[in-house]
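**Student:**
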Amino acid sequence: MSILLTQCKDDDANIFRAYAEGKFTYSDGKFLEDPIHLINNKKIIAETFPKESGSFVLAGPYDRGAYKLQLKSFKIKSFSTETAGCKISSDSLSIEIPDGVTYIIFNDITLK
Amino acid sequence: MIKKSILFFIVILSVSVSAQRRKQNWTENVKFSVDPHVKVMKSFGDNFLNEAFDYFYGFGIGLNTNLYKNFGLGVEYTYFLAVLKKPELSGYLGAPSMNNFDWYVFHKDKITEEFFVEEILGYSTYRMKSQYLDNRGKFMEGNGGLNFGGKAIYVLDVEGVQEVVLGAKLNFYNAKIGNQNPDIEKYYSKATLLNISLAYRFNF
Chain D
-17 MSILLTQCKD
-7 DDANIFRAYA
3 EGKFTYSDGK
13 FLEDPIHLIN
23 NKKIIAETFP
33 KESGSFVLAG
43 PYDRGAYKLQ
53 LKSFKIKSFS
63 TETAGCKISS
73 DSLSIEIPDG
83 VTYIIFNDIT
93 LK
Chain G
5 MIKKSILFFI
15 VILSVSVSAQ
25 RRKQNWTENV
35 KFSVDPHVKV
45 MKSFGDNFLN
55 EAFDYFYGFG
65 IGLNTNLYKN
75 FGLGVEYTYF
85 LAVLKKPELS
95 GYLGAPSMNN
105 FDWYVFHKDK
115 ITEEFFVEEI
125 LGYSTYRMKS
135 QYLDNRGKFM
145 EGNGGLNFGG
155 KAIYVLDVEG
165 VQEVVLGAKL
175 NFYNAKIGNQ
185 NPDIEKYYSK
195 ATLLNISLAY
205 RFNF
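Residue numbers (the numbering used here), protein chains in the order written: chain D, -17 to 94; chain G, 5 to 208.
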């Protein structure tokens, strides 16, 4: 029954695009070789590789909940954004973005 | 010449009306056609259908019924595929497929014995489907929008059974994708697609 209901409502505005844009400050060129992801509910919803300038754009579909910007192996030291409520995860590999935020600009993300 | 043809038209009309009074019914003039087609569809401007994907290409079938005088109703179903251009904008998804129905009213004009044109106005539904690359499941979004355009029809045989149809349409695409930034919302929700079709039509 719940499957039927979710199928019926997917025409409504229950689909969101998570959109994240920003710039990394990095020193090791190997950083450019790894993909960066947006992850919602343990699922990768968007993937890209950072440009040489460190800038990136990521967008992916999801329906609800928090999501995170995740790196593969490089750790995050600090970040700056005007959006409140974001924090670095305990393993320092990702920035957690709270529920309800669908558009976020990171002015800078500095790696360790 | 014009006077003559008007006179001729009035004569024909009065004959046919009196004939209709006796036994004819308008349903006797109802005609049907079926046309398998190929289509190419491309979005323009600042929207994700244009920037995330290359053009859409597909095939399908159309059904038309000429109901009254030169007016009729039709529906076309097309299965589209598209090539990914900028995957980082569409999400971690495979190349999409799309089920598209165009429902429309048409008006047919005779240009010569072998050549006709049709003007078309209708409504389209779109259902886009992509596979999540990460794991399990599909991502789907359903949308709709107006369509209008025209078709050029060339008759291939004396009986008028087989025809080649070349069509061009504008399809408006309106989805409801949510985002806090209205520009991003519009970018993912609205597009105008130019749609070119080539069909082989059978009348019966």
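Where is the CB? At the ideal position from N, CA and C, for every residue including glycine.
Remember, predicted model here, so these are calculated numbers, not experimental data.
1) Considering only residues of the segment 19 to 48 of chain D, which uninterrupted beta strand (DSSP E) runs meet the minimum length of 3 residues and lie entirely inside it, listed in chain order?
2) Please state whether DSSP places residue -15 of chain D in a helix, a strand or coil.
3) Taking 7 Å as the limit between beta carbons, can you name the residues of its chain near residue 194 of chain G, skipping five residues before and five after?
4) Run down chain G in chain order and give the residues with a C-beta less than 7 Å from the C-beta of residue 46 of chain D.
5) Could you confirm whether any beta carbon from chain G is found closer than 7 Å to the beta carbon of residue 11 of chain D?
6) So, does the CB of residue 92 of chain D fall closer than 7 Å to a CB anywhere in chain G?
7) Residues of chain D with CB closer than 9 Å to the CB of residue 2 of chain G, please, in chain order.
8) Say whether the segment 148 to 158 of chain G touches the segment 114 to 128 of chain G, bearing in mind that this needs 3 or more beta-carbon pairs closer than 8 Å, one atom from each stretch.
9) Relative to the C-alpha of residue 82 of chain D, which candidate in D/48, D/41, D/23 has its C-alpha closest?
10) Could you check which residue in D/64, D/42, D/31, D/85 has the C-alpha nearest to that of residue 6 of chain D?
11) By how many angstroms is the C-alpha of residue 70 of chain G removed from the C-alpha of residue 29 of chain D?
12) When we look at the beta-carbon of residue -1 of chain D and count the other beta-carbons within 10 Å, is it buried (16 or more) or exposed?
13) Is the separation between the beta-carbon of residue 64 of chain G and that of residue 83 of chain G shorter than 7 Å?
14) Residue 204 of chain G lies in the beta strand (DSSP E); which residues open and close that run?
15) For residue 61 of chain G and residue 94 of chain D, what's the separation of their Cα atoms in angstroms?
16) Measure the C-alpha to C-alpha separation of residue 182 of chain G and residue 174 of chain G and round it to an integer number of angstroms.
17) Name the chain G residues that come within less than 7 Å of residue 42 of chain D, Cβ to Cβ?
18) Sort G/98, G/206, G/86 by Cα distance to residue 139 of chain G and report the nearest one.
19) For residue 54 of chain G, I'd like the list of residues in its chain whose CB is within less than 8 Å of its CB, leaving aside the five on either flank, ordered along the chain.
20) Using only alpha-carbon positions, find the residue among D/60, D/1, D/64, D/19 that is nearest to residue 92 of chain D.
21) If the cut is a Cβ gap below 7 Å, which residues of chain G does residue 95 of chain D touch?
22) Give the DSSP-derived three-state secondary structure of residue -2 of chain D in the structure shown.
23) Since residue 148 of chain G and residue 130 of chain G should fall inside the 8 Å C-beta cutoff, what is the C-beta to C-beta distance between them, to a whole number of angstroms?
24) For my contact list, residue 87 of chain D and residue 3 of chain D are in at a C-beta cut-off of 8 Å; report their separation, rounded to the angstrom.
25) May I have the straight-line CA-CA distance separating residue 127 of chain G from residue 43 of chain G, to the nearest angstrom?
26) Per DSSP, what kind of secondary structure is residue 190 of chain G in: helix, strand or coil?
**Tutor:** Per the coordinate set shown:
1) 25 to 30, 37 to 44
2) Model confidence at residue -15 of chain D stands at a pLDDT of 44, short of 50, so the residue's coordinates are unreliable; what they give is reported in the following sentence. In the structure shown, residue -15 of chain D sits in a helix (DSSP, three-state: H, G or I).
3) 51, 177, 178
4) Simply none; closest approach about 10 Å.
5) no
6) no
7) The requested residue 2 of chain G does not occur in the structure, where chain G is confined to residues 5 to 208.
8) yes
9) D/48
10) D/31
11) 50 Å
12) buried
13) yes
14) 194 to 207
15) 46 Å
16) 25 Å
17) 95, 96
18) G/98
19) 46, 47, 48, 195
20) D/60
21) Given that chain D is displayed from residue -17 to residue 94, the structure contains no residue 95 of chain D and the question cannot be resolved.
22) strand
23) 7 Å
24) 5 Å
25) 17 Å
26) helix
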